[in-house]
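Participant: Chains as they are written, first to last, in the numbering used here: chain A, 1 to 349; chain B, 1001 to 1305.
To start, I am sharing the structure in question, which I have written as structure tokens.
Right, dumping it as structure tokens:
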């Protein structure tokens, strides 16, 4: 059993506070991603879990043991680094077997474990190569092999796919996910890419400026974000925000009336932010008129950037549309999937 | 016909390198050819002019027959091995320690480089004062802790130990500087990965830092070895080759025959021999590296899979 409990963890560099009391509960076998823009403290938190950064306050427990004062070697974690961090003077096999060698494991046993991991990761033919002789994707796999050979309590991934090209990133994403399903090891995965977070995680932790904004299952975060930051961060293309006023017959943004499912009576008359995802805006015969600014066909879908009530709004069309910049289209946001936020605090209403 | 851009830049590169080549070959090459010629000649000065007589290998035979020459080669070899090993090991240890220390990092970089900045004459003076049998600090220190004092520069073994210590003290900073810079360039993530892999401090040094520093260590060994063979000034001022010629390094021996005995042919032959020996050593070193590159092996080769 290896659950991870992060309780009120803080990190400060002198007077600068990087983490302001972060608490996260990670269950045994769970795949958790820490996601947020750069500088939000997610990598710092991961490095604190690994024991590479000192913990300024709070406690971290791995498998019920407080590890605050333990060096990395005594935490039984395996970390995969962004730049792979392979040992350049060792072959692939030596890289993967290094942790076992340090534990004085029997040579034959090391060989067996390395070969098994190499088979899982399709590295069998590369075992005698040096890191410099490998491509980026292969290096990434060696880095993962080095982690799984050890059979640790927890895997820590620090933006492992950010150096790969887009296509490889998608296939490695699936590989890591299936690896997790196969091994069932508790995993903490740091990324700034919300698509990675959404597709891989059992649970997502959204962070900003050293604070946890929301914790939840990927679809829970997508369906009911607690504030505008999470709403804008999760989902691609990002959610549209329009400021205006809540009326009993809809939402008034400038002179445009947008559909809204019957609002709670106490909200009527109040200023708010109207949040709607691009994929929840219908484009058709009726609805509010908007002028097309940009058309971005991706093949499967077409993104339209339109001007609505003086603000830019993105919407997605599944069908091919015969529209160009300057044309008028009619939009009908799905009233059942509207999010309302407080304009000052950004909190969900 | 107009030259293309690439041709022009290639011609430019060649013509601009030429003056330096001419300078090096002109200054170094000419005198070097002269030394080689002298090595195979008997030379006398008569009426202010060199009188040349072909000597074949006479000068080299004379060297082989000269006990002091052979001794100087042996004592130089001992000196080089001892100073290279001590200064590289010390430099490495210092580099590892300084890099780890947070608070003393800056100040120690400056202090540790200090000996290398001091002129050799001053170094000799400092060590004469330290090693002096009567007023020297070292003997006073030994006396205070009730250990037997020594006439350091007066005994043969004492003098050899003394010049090794002085050279190590003087030039370890160079080894430190080279290894420290290389150490700062070692990928920090690889070290962190090793820590996560379960390595303790010693294992990080043994399996990660030292192997990754190997190119720098080899470079430092080469440079320190060359410095050792050329070492002259501190020894000349400290012991002048004595007592009883015990610290006659090759450089001191060559100076003696060339400038005191005016035996130009012999001195040149010894210089040529020295260069040949060093080229041989460097060639052997490069051959070993080449062989290692073809069939690489490393400190952690045991993990075969």
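In this text, a Cβ means the ideal position worked out from N, Cα and C, and glycines have one as well.
#1: Check the DSSP bridge columns for residue 332 of chain A and list the partner residues they point to.
#2: List the whole-angstrom C-beta distance separating residue 137 of chain A from residue 86 of chain A, where the pair is believed to meet the contact cut-off of C-beta under 8 Å.
#3: Under DSSP, the beta strand (DSSP E) around residue 312 of chain A begins and ends at which residues?
#4: Counting only C-beta atoms, is residue 1197 of chain B closer than 8 Å to chain A at any point?
#5: Just grab the DSSP bridge partners of residue 1054 of chain B for me.
#6: Using CA coordinates, which residue listed in A:38, A:11, A:23, A:33 is at the minimum distance from residue 208 of chain A?
#7: Can you find at least 3 beta carbon pairs, one from the region 1281-1291 of chain B and one from the region 1041-1058 of chain B, that sit closer than 8 Å?
#8: Alpha carbon to alpha carbon, how far is residue 1239 of chain B from residue 83 of chain A?
#9: Alpha carbons only, please: which of A:264, A:145, A:122, A:216 is nearest the one belonging to residue 100 of chain A?
#10: Would you say residue 1105 of chain B faces chain A, with C-beta separation under 8 Å as the test?
#11: Please confirm if residue 18 of chain A has its CB atom under 8 Å from at least one CB of chain B.
#12: For residue 45 of chain A and chain B, any beta-carbon pair shorter than 8 Å?
#13: Taking the alpha-carbon of residue 288 of chain A as reference, which of A:296, A:263, A:328 has the nearest alpha-carbon?
#14: Output the distance between the C-alpha atoms of residue 3 of chain A and residue 185 of chain A, rounded to the nearest integer angstrom.
#15: With a cut-off of 8 Å on the beta carbons, I'd call residue 338 of chain A and residue 275 of chain A a contact; round off their distance for me.
#16: Would a check of beta-carbon distances place residue 1227 of chain B closer than 8 Å to chain A?
#17: For chain B, find out if any of its Cβ atoms is closer than 8 Å to the Cβ of residue 160 of chain A; answer yes or no.
#18: With which residues is residue 1049 of chain B paired in a DSSP beta bridge?
#19: Does the beta carbon of residue 1215 of chain B sit closer than 8 Å to a beta carbon anywhere in chain A?
#20: To the nearest angstrom, report how far apart residue 1260 of chain B and residue 1075 of chain B are at their CA atoms.
#21: How should residue 1030 of chain B be labelled, buried or exposed, when 16 other C-beta atoms within 10 angstroms of its C-beta is the threshold for buried?
#22: Nearest by alpha-carbon distance to residue 325 of chain A: which of A:340, A:316, A:305, A:333 is it?
#23: Give the C-beta separation of residue 156 of chain A and residue 188 of chain A to the nearest angstrom, bearing in mind that I take them to be a contact with Cβ-Cβ under 8 Å.
#24: Runs of 4 residues minimum, wholly inside the region 1215-1286 of chain B: which ones carry the alpha helix (DSSP H) assignment?
#25: Of the residues B:1278, B:1084, B:1132, B:1150, which one's Cα is nearest the Cα of residue 1167 of chain B?
#26: Along the chain, where does the alpha helix (DSSP H) that runs through residue 167 of chain A open and close?
#27: Please look up how many angstroms separate the CB atoms of residue 1063 of chain B and residue 1266 of chain B, rounded, as I've assumed it's under 8 Å.
#28: With a threshold of 7 Å on Cβ separation, who are the neighbours of residue 1080 of chain B within its own chain once the five nearest residues in sequence on each side are excluded?
#29: Per DSSP, what are the beta-bridge partners of residue 259 of chain A in this structure?
#30: Could you pull the DSSP bridge partners for residue 10 of chain A from this structure?
#31: Buried or exposed for residue 180 of chain A, please, with buried defined as at least 16 other CB atoms from any protein chain shown within 10 angstroms of its CB.
#32: May I have the straight-line CA-CA distance separating residue 271 of chain A from residue 6 of chain A, to the nearest angstrom?
#33: Give the secondary structure of residue 88 of chain A by DSSP, where H, G and I count as helix, E and B as strand, and everything else as coil.
#34: Do residue 19 of chain A and residue 190 of chain A have their beta-carbon atoms positioned less than 8 Å apart in this structure?
#35: Less than 8 Å separating the beta-carbons of residue 212 of chain A and residue 348 of chain A?
#36: Quick check: the Cα distance between residue 1298 of chain B and residue 1216 of chain B, rounded to an integer number of angstroms?
Facilitator: This is what the structure holds:
#1: Along the first chain, read from residue 1 onward, the residue named residue 332 of chain A stands at position 332. Its beta-bridge partners are A:282.
#2: Here residue 137 of chain A is taken as the residue at index 137 of the first chain, counted from 1. Here residue 86 of chain A is taken as the residue at index 86 of the first chain, counted from 1. 13 Å between Cβ atoms; not a contact.
#3: Translated into the one-based positions of the first chain, residue 312 of chain A becomes position 312. First-last of the beta strand (DSSP E) with residue 312 of chain A: 311-317.
#4: Within the second chain, numbered from 1, the residue matching residue 1197 of chain B stands at position 197. Answer yes: the Cβ-Cβ gap between residue 1197 of chain B and chain A drops below 8 Å somewhere.
#5: Locating residue 1054 of chain B in the second chain gives position 54, where the first residue counts as 1. According to DSSP, residue 1054 of chain B bridges with B:1041.
#6: To locate residue 208 of chain A, count along the first chain from 1; it is residue 208. Ranking the options by Cα distance to residue 208 of chain A, first place goes to A:38.
#7: no
#8: What you label residue 1239 of chain B is simply residue 239 of the second chain in a count that begins at 1. What you label residue 83 of chain A is simply residue 83 of the first chain in a count that begins at 1. Residue 1239 of chain B and residue 83 of chain A: Cα-Cα distance of roughly 55 Å.
#9: Here residue 100 of chain A refers to the residue found at position 100 when the first chain is read from its first residue. When each option's Cα is compared against that of residue 100 of chain A, the closest is A:145.
#10: Sequence index remark: in the second chain, residue 1105 of chain B carries index 105 (1-based). Not one chain A Cβ lies under 8 Å of residue 1105 of chain B.
#11: Taking the first chain and counting its residues from 1, one reaches residue 18 of chain A at position 18. Answer no: the Cβ-Cβ gap between residue 18 of chain A and chain B never drops below 8 Å.
#12: Residue mapping note: residue 45 of chain A aligns to position 45 of the first chain, counting from 1. No, residue 45 of chain A lies away from the interface with chain B (no Cβ there is under 8 Å from its Cβ).
#13: If you number the first chain from 1, residue 288 of chain A lands on position 288. Ranking A:296, A:263, A:328 by Cα distance to residue 288 of chain A puts A:328 first.
#14: Indexing the first chain from 1 puts residue 3 of chain A at position 3. Indexing the first chain from 1 puts residue 185 of chain A at position 185. Going from the Cα of residue 3 of chain A to the Cα of residue 185 of chain A covers about 10 Å.
#15: Counting from one through the first chain, the residue named residue 338 of chain A turns up at place 338. Counting from one through the first chain, the residue named residue 275 of chain A turns up at place 275. Right, the Cβ-Cβ distance comes to about 7 Å (below 8 Å), so this counts as a contact.
#16: Residue mapping note: residue 1227 of chain B aligns to position 227 of the second chain, counting from 1. No, because no Cβ of chain A sits closer than 8 Å to the Cβ of residue 1227 of chain B.
#17: For this step, residue 160 of chain A is matched to residue 160 along the first chain. It does not; no Cβ of chain B falls within 8 Å.
#18: One-based indexing of the second chain puts residue 1049 of chain B at position 49. In DSSP, residue 1049 of chain B forms a bridge with B:1046.
#19: As a first step, residue 1215 of chain B must be located in the second chain, where it is residue number 215. So no, residue 1215 of chain B is outside the interface.
#20: If you number the second chain from 1, residue 1260 of chain B lands on position 260. If you number the second chain from 1, residue 1075 of chain B lands on position 75. Their backbone Cα atoms lie some 21 Å apart in a straight line.
#21: Taking the first residue of the second chain as 1, we reach residue 1030 of chain B at position 30. That one is exposed.
#22: For the purposes of this step, residue 325 of chain A is taken as residue 325 along the first chain, with counting starting at 1. Of the candidates A:340, A:316, A:305, A:333, the one whose C-alpha sits nearest the C-alpha of residue 325 of chain A is A:305.
#23: The residue given as residue 156 of chain A occupies position 156 in the first chain. The residue given as residue 188 of chain A occupies position 188 in the first chain. 5 Å between Cβ atoms; contact.
#24: 1233-1238, 1250-1255
#25: As a working note, residue 1167 of chain B is residue 167 in the second chain. The shortest Cα separation from residue 1167 of chain B among B:1278, B:1084, B:1132, B:1150 belongs to B:1084.
#26: In the first chain, the residue the question calls residue 167 of chain A occupies position 167. From DSSP, the alpha helix (DSSP H) with residue 167 of chain A extends over 166-183.
#27: Along the second chain, one-based indexing puts residue 1063 of chain B at 63. Along the second chain, one-based indexing puts residue 1266 of chain B at 266. Yes, residue 1063 of chain B and residue 1266 of chain B are in contact; Cβ-Cβ is about 7 Å, under 8 Å.
#28: Translated into positions along the second chain, residue 1080 of chain B becomes position 80. Same-chain partners within the cutoff: 1225, 1228, 1229.
#29: For the purposes of this step, residue 259 of chain A is identified with residue 259 of the first chain, where counting begins at 1. None; residue 259 of chain A has no bridge partner.
#30: Residue mapping note: residue 10 of chain A aligns to position 10 of the first chain, counting from 1. Beta-bridge pairing links residue 10 of chain A to A:57.
#31: Here residue 180 of chain A is taken as the residue at index 180 of the first chain, counted from 1. Classification for residue 180 of chain A: buried.
#32: In the first chain, counting from the first residue as 1, residue 271 of chain A sits at position 271. In the first chain, counting from the first residue as 1, residue 6 of chain A sits at position 6. Looking at the two C-alpha atoms, the distance is approximately 38 Å.
#33: Position 88 of the first chain, counted from the first residue, corresponds to residue 88 of chain A. Three-state result, residue 88 of chain A: coil.
#34: In the first chain, residue 190 of chain A corresponds to position 190, counting from 1. In the first chain, residue 19 of chain A corresponds to position 19, counting from 1. No. Outside cutoff.
#35: As a position in the first chain, residue 212 of chain A is number 212, starting the count at 1. As a position in the first chain, residue 348 of chain A is number 348, starting the count at 1. No, the pair does not count as a contact, with Cβ atoms beyond the cut-off.
#36: What you label residue 1298 of chain B is simply residue 298 of the second chain in a count that begins at 1. What you label residue 1216 of chain B is simply residue 216 of the second chain in a count that begins at 1. With a pLDDT of 46 at residue 1298 of chain B, under the threshold of 50, the modelled position of that residue is not reliable, and no figure is offered here.
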